[in-house]
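Chemist:
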Amino acid sequence: MKRFIAFLTPINGISKFTKLFSVKKTQKIIFNLLISMVVLAGCAIGPDYKRPAIDTPASWRLEEKEKMDVVNTIWWEQFNDPVLNNLIQTSLNDNKDLKIASARIEQYIGKYWVTRAGLFPQIGAGGSGGKNRMSERGPTPLSSLMENPSESYQASLNSMAGSWEIDVWGRLRRATEAARADLLSTEEGRRAVILTLVSTVANAYINLRDLDKQLEVAERTVKSREESYKLFTLRYKGGIISLLELSQVESEYEQTLSQIPVIKKSITQQENELCLLLGRNPGPIPRGKTIDELMLPPIPEGLPSDLLERRPDIRQAEQSLIAANARIGVARALYFPTITLTGMFGWSSTQLTGLFSGPAQTWSWAANIAAPIFTGGANVGQNIIAGAQHQEVLLNYQKTIQTAFKDVENALVAQKRIREQLDAQKRQVESLRTYARVARLRYDNGYVSYIEVLDAERSLFNAELDYARTQGSLFSSLVNLYSAMGGGWIMKAEKIAGPPAERRPGDPS
124 MKRFIAFLTP
134 INGISKFTKL
144 FSVKKTQKII
154 FNLLISMVVL
164 AGCAIGPDYK
174 RPAIDTPASW
184 RLEEKEKMDV
194 VNTIWWEQFN
204 DPVLNNLIQT
214 SLNDNKDLKI
224 ASARIEQYIG
234 KYWVTRAGLF
244 PQIGAGGSGG
254 KNRMSERGPT
264 PLSSLMENPS
274 ESYQASLNSM
284 AGSWEIDVWG
294 RLRRATEAAR
304 ADLLSTEEGR
314 RAVILTLVST
324 VANAYINLRD
334 LDKQLEVAER
344 TVKSREESYK
354 LFTLRYKGGI
364 ISLLELSQVE
374 SEYEQTLSQI
384 PVIKKSITQQ
394 ENELCLLLGR
404 NPGPIPRGKT
414 IDELMLPPIP
424 EGLPSDLLER
434 RPDIRQAEQS
444 LIAANARIGV
454 ARALYFPTIT
464 LTGMFGWSST
474 QLTGLFSGPA
484 QTWSWAANIA
494 APIFTGGANV
504 GQNIIAGAQH
514 QEVLLNYQKT
524 IQTAFKDVEN
534 ALVAQKRIRE
544 QLDAQKRQVE
554 SLRTYARVAR
564 LRYDNGYVSY
574 IEVLDAERSL
584 FNAELDYART
594 QGSLFSSLVN
604 LYSAMGGGWI
614 MKAEKIAGPP
624 AERRPGDPS
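Just add 123 to the spot in the sequence shown (first one is 1) and you have the numbering used here.
1) Which word fits ASN404, buried or exposed, when buried means at least 16 other C-beta atoms lie within 10 angstroms of its C-beta?
2) Counting only the same chain and skipping the five closest in sequence on each side, list residues whose C-beta sits under 6 Å from that of LYS336.
3) Give me, in chain order, the residues of the same chain whose beta-carbon lies closer than 8 Å to that of PRO423; leave out the 5 immediate sequence neighbours on both sides.
4) What residue from ILE317, ALA447, TYR558 has the CA that sits closest to GLN512's CA?
5) For a test of the three-state rule: what should DSSP assign to SER596, helix, strand or coil?
6) Is it the case that the region 375-382 contacts the region 339-356, given that we only count it when at least three CB pairs across the two stretches are under 8 Å?
7) Can you give me the start and stop residues for the alpha helix (DSSP H) that GLY233 sits inside?
8) Since THR309 and ILE228 are thought to touch, with beta carbons under 8 Å apart, how far apart are those beta carbons, to the nearest angstrom?
9) Please name the residue in ASN326, SER251, ALA298, ASP220 whose C-alpha comes closest to that of PHE202.
10) Are there 16 or more other CB atoms within 10 angstroms of the CB of LEU584, so buried, or fewer, so exposed?
11) Could you tell me if the beta carbon of ARG296 falls within a distance shorter than 7 Å of some heavy atom in the ligand SAH?
12) What is the DSSP secondary structure of TRP488, reduced to helix, strand or coil?
13) What does a CB cutoff of less than 6 Å around SER145 pick up in its chain, not counting 5 residues either side in sequence?
14) Just how far apart, CA to CA, sit LYS522 and VAL536?
15) Check whether the region 282-300 and the region 458-467 are in contact - that is, three or more C-beta pairs closer than 8 Å.
16) Three-state secondary structure (DSSP) at SER145?
17) Look up GLN277 in the DSSP assignment and give the residues it is bridged to.
18) Where SER182 and GLY425 are concerned, what is the direct C-alpha to C-alpha distance, given to the nearest angstrom?
19) Exposed or buried, which one is ALA226 when buried takes at least 16 other CB atoms within 10 Å?
20) Decide if SER370 is buried, meaning its Cβ has at least 16 other Cβ atoms within 10 Å, or exposed.
21) Taking one C-beta from the region 564-575 and one from the region 318-332 each time, how about it: are there three or more such pairs within less than 8 Å?
22) Let me know if ILE492 comes out buried or exposed under the rule of 16 or more other beta-carbons within 10 Å of its beta-carbon.
23) Between the region 498-510 and the region 291-299, do at least 3 Cβ pairs fall closer than 8 Å?
24) Return the chain-ordered list of same chain residues with a C-beta closer than 7 Å to the C-beta of ALA278, the five sequence neighbours on each side being excluded.
25) Can you check whether the CB of LEU280 is closer than 8 Å to the CB of ILE246?
26) May I ask which residues mark the beginning and end of the beta strand (DSSP E) holding GLU288?
27) Could you check whether ILE524 and ILE168 sit closer than 8 Å to each other, using their CB atoms as the reference points?
28) Note down, in chain order, each residue of its chain lying with its Cβ closer than 7 Å to the Cβ of ALA620, except the 5 sequence neighbours on either side.
29) Helix, strand or coil for PRO423 per DSSP?
30) To which residues of the same chain is LEU601 closer than 6 Å at the C-beta, ignoring the five residues directly before and after it?
31) Is ALA509 helix, strand or coil when you go by DSSP?
32) What does DSSP give as the partner residue(s) for MET191 in the beta ladder?
33) So is LYS173 buried or exposed if we call it buried at 16+ other beta carbons inside 10 Å?
34) What separation, rounded to the nearest whole angstrom, lies between the Cα atoms of TYR276 and TRP236?
35) For ALA493, which three-state DSSP category applies?
36) Let me know the secondary structure DSSP gives LEU401 once reduced to three states.
In structure tokens, the structure reads:
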């Protein structure tokens with residue numbers, strides 16, 4: 124302690140202080156001051172984070188008897204289509220949005236390290252050496268004791284940042300806590316991108332196979348009506364039928380034929396959309412199983428409370444809330460004094476051989492304290508901003524959870540009602556096929572006009588297209604249900620995509 128007092132004595136008028144008090148009293152005061160700083164450094168200004176109470180429903184409004192605990196499985200493999208599996212793997216490796224999210228994580232890792240560095244003193248080293256000769260005939264006469272030319276050498280350790288703030292009130296620790304939460308929020312954001320990417324690729328592929336089925340129905344119908352049109356043209360030329368009947372057949376043929384370019388356009392656009400998700404230029408997409416051959420995955424189960432841990436968007440919103448909560452402490456610390464230390468230790472000598480000797484040592488140490496007295500409301504404003512931002516993020520967190528509940532409810536309702544719709548449409552298609560077959564027989568036997576045949580075939584064509592669209596909607600509803608539920612499959616997809624960045628020692632986990 125005596126050495127410490129001796130160290131302080133030459134600095135910032137401490138010598139005057141020690142003249143007023145005995146060394147023993149001075150030691151006691153400084154010792155108590157250091158103890159107080161250590162105790163205060165153990166706490167941080169501002170509220171500690173506690174997860175807000177959430178009004179979580181006990182169960183879903185629509186319960187499924189056949190649901191299974193499959194939220195942690197790689198659900199897209201249950202479609203049993205290797206092409207779809209390859210497309211999703213390619214997107215996880217090459218998608219540009221996912222790479223952007225990974226680069227964003229790198230940025231926040233750097234921000235975390237920059238913020239955390241303020242907790243530690245910044246130490247740098249420097250050195251200089253040189254030789255100088257002064258004019259003997261200059262305006263200032265040289266002392267006979269001065270060497271001319273003269274040499275000068277210095278080596279030192281000093282604070283790179285100029286000063287080191289003692290984090291008494293926890294301002295830097297709260298800032299580091301906020302930076303850590305921002306980083307974790309960004310990582311959850313990347314997982315949310317993975318969730319959206321996998322679901323979007325699966326839905327895009329299903330929609331593509333749905334369009335392929337619609338094109339198949341349209342081309343089959345066009346071929347049938349083209350044969351009818353050729354036959355009726357021959358009958359018209361033979362005087363068997365009137366121009367009215369021929370025009371009716373031609374109209375239905377052309378109307379069905381006009382559907383094919385529309386469907387082909389949609390197929391090309393869907394392929395280009397998939398290519399963008401895959402991180403490649405527009406082009407054709409390979410096909411696997413037809414939509415009739417795809418396997419329907421089982422219905423996943425889970426409670427509403429599970430979403431708080433499963434869904435990355437909710438976890439991302441919570442990390443943002445943790446960061447906003449920590450920044451309240453940063454703002455409150457502005458009301459308290461700031462204590463900083465500066466120092467330098469080194470050697471200075473006119474001879475290089477004696478540079479690192481004891482007499483050549485040089486050092487300085489200083490402690491500074493700055494306290495706000497009048498800031499014109501700036502500190503009050505910073506606290507208002509921090510509080511309002513925390514409230515905004517809290518409301519966004521609550522809204523994100525409610526949106527998640529809505530997504531699951533909608534997906535559960537959609538898959539159940541679409542199943543019912545698909546069953547009804549299947550029965551409708553079977554009935555219309557019977558109707559079209561009977562109508563043609565009745566026309567061939569002269570019981571009805573060809574208008575009835577055209578009406579039956581037109582209804583069958585539209586019903587088959589609607590059935591194909593509903594098939595795609597059912598698969599998409601199950602994809603959306605897995606997306607809304609979240610689950611361990613996101614972590615498995617993340618492993619396929621690879622880590623966003625290499626972890627460094629001291630990185631938050």
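The beta carbon of each residue, even a glycine, is placed where N, CA and C say it ideally should be.
Modeler: In terms of the structure at hand:
1) Along the sequence shown, one-based indexing puts residue 404 at 281. With fewer than 16 Cβ atoms within 10 Å of its Cβ, ASN404 is classed as exposed.
2) Taking the first residue of the sequence shown as position 1, residue 336 is located at position 213. If the five residues before and after LYS336 are omitted, its C-beta is found closer than 6 Å to the C-beta atoms of ILE414, ALA591, all from its own chain and listed in chain order.
3) Position 300 of the sequence shown, counted from the start, is the residue given in the question as residue 423. LYS190, MET191, ASP192, VAL193, VAL194, TRP198, LEU604, TYR605, MET608, GLY610, listed in sequence order.
4) Locating residue 512 in the sequence shown gives position 389, counting from the first residue. The option with the nearest alpha carbon to GLN512 is ALA447.
5) As a working mapping, residue 596 is identified with position 473 in the sequence shown. Residue state, collapsed to three classes: helix.
6) Short answer: they touch.
7) Numbered from its first residue, the sequence shown carries residue 233 at position 110. 219-239 is the span of the alpha helix (DSSP H), which, as asked, contains GLY233.
8) As a position in the sequence shown, residue 309 is number 186, starting the count at 1. As a position in the sequence shown, residue 228 is number 105, starting the count at 1. The beta-carbon distance between THR309 and ILE228, rounded to whole angstroms, is 5 Å. This is short enough to meet the 8 Å contact definition.
9) Numbered from its first residue, the sequence shown carries residue 202 at position 79. The shortest C-alpha to C-alpha distance from PHE202 to any of ASN326, SER251, ALA298, ASP220 is the one to ASN326.
10) Position 461 of the sequence shown, counted from the start, is the residue given in the question as residue 584. Correcting the residue identity first, residue 584 is Phe in this sequence and not Leu. Answer is buried; the Cβ neighbour count reaches 16.
11) This structure does not include the ligand SAH; it has no bound ligands of any sort.
12) Residue 488 sits at position 365 when you count from the first residue of the sequence shown. Note: TRP488 maps to strand in three-state DSSP.
13) The residue given as residue 145 occupies position 22 in the sequence shown. For SER145, the predicted model reports a pLDDT of 49, less than 50, meaning its position is unreliable and no value from the coordinates is stated.
14) Sequence index remark: in the sequence shown, residue 522 carries index 399 (1-based). Sequence index remark: in the sequence shown, residue 536 carries index 413 (1-based). In this structure, the alpha-carbon of LYS522 lies about 21 Å from that of VAL536.
15) Touching, yes, given that three or more Cβ pairs across the two stretches are closer than 8 Å.
16) Numbered from 1 along the sequence shown, position 22 holds the residue referred to as residue 145. With a pLDDT of only 49 at SER145, under 50, the local geometry of the prediction cannot be trusted, and the value read off the model is given with reservation. Secondary structure of SER145 (DSSP, three-state): coil.
17) By one-based count along the sequence shown, residue 277 stands at place 154. DSSP lists SER251, SER471 as the bridge partner or partners of GLN277.
18) Position 59 of the sequence shown, counting from 1, holds the residue named residue 182. Position 302 of the sequence shown, counting from 1, holds the residue named residue 425. So the two alpha carbons sit approximately 9 Å from each other.
19) The count along the sequence shown starts at 1 and reaches residue 226 at position 103. It is exposed - the Cβ of ALA226 has fewer than 16 other Cβ atoms within 10 Å.
20) Position 247 of the sequence shown, counting from 1, holds the residue named residue 370. Its Cβ having fewer than 16 others within 10 Å, SER370 is exposed.
21) The region 564-575 is not in contact with the region 318-332.
22) Here residue 492 refers to the residue found at position 369 of the sequence shown. Exposed, since its Cβ has fewer than 16 Cβ neighbours within 10 Å.
23) No, the region 498-510 is not in contact with the region 291-299.
24) Within the sequence shown, the letter at position 155 stands for residue 278. Within its own chain, the residues whose Cβ lies closer than 7 Å to the Cβ of ALA278, once the five positions on either side in sequence are excluded, are GLY250, GLY469, TRP470, LEU478, listed in chain order.
25) Counted from its first residue, the sequence shown places residue 246 at position 123. Counted from its first residue, the sequence shown places residue 280 at position 157. Going by C-beta atoms, ILE246 is nearer than 8 Å to LEU280.
26) Within the sequence shown, residue 288 is the residue found at index 165, counting from 1. 287-289 is the span of the beta strand (DSSP E), which, as asked, contains GLU288.
27) Reading the sequence shown from its first residue, position 45 is the one you call residue 168. Reading the sequence shown from its first residue, position 401 is the one you call residue 524. In this structure, ILE524 does not lie closer than 8 Å to ILE168 by Cβ.
28) Taking the sequence shown and counting its residues from 1, the one referred to as residue 620 is at position 497. Closer than 7 Å at the Cβ level, and outside the excluded window around ALA620, lie LEU215, ASN216, LEU221, ILE317.
29) On the sequence shown, position 300 is the one that residue 423 refers to. Here DSSP, grouped into helix, strand and coil, assigns PRO423 to strand.
30) What you label residue 601 is simply residue 478 of the sequence shown in a count that begins at 1. Its chain contains PRO420, GLN538 as the residues whose beta carbon lies nearer than 6 Å to that of LEU601, once the 5 sequence neighbours on both sides are disregarded; these appear in chain order.
31) What you label residue 509 is simply residue 386 of the sequence shown in a count that begins at 1. Of the three classes helix, strand and coil, the one that applies to ALA509 here is helix, per DSSP.
32) Position 68 of the sequence shown, counted from the first residue, corresponds to residue 191. Residue pairing of MET191 in beta bridges, as defined by DSSP: PRO423.
33) Sequence index remark: in the sequence shown, residue 173 carries index 50 (1-based). Exposed.
34) Along the sequence shown, read from residue 1 onward, the residue named residue 276 stands at position 153. Along the sequence shown, read from residue 1 onward, the residue named residue 236 stands at position 113. If I take the Cα positions, the gap works out to 35 Å.
35) Locating residue 493 in the sequence shown gives position 370, where the first residue counts as 1. Three-state DSSP puts ALA493 in a strand.
36) The residue given as residue 401 occupies position 278 in the sequence shown. Correct three-state label for LEU401: coil.
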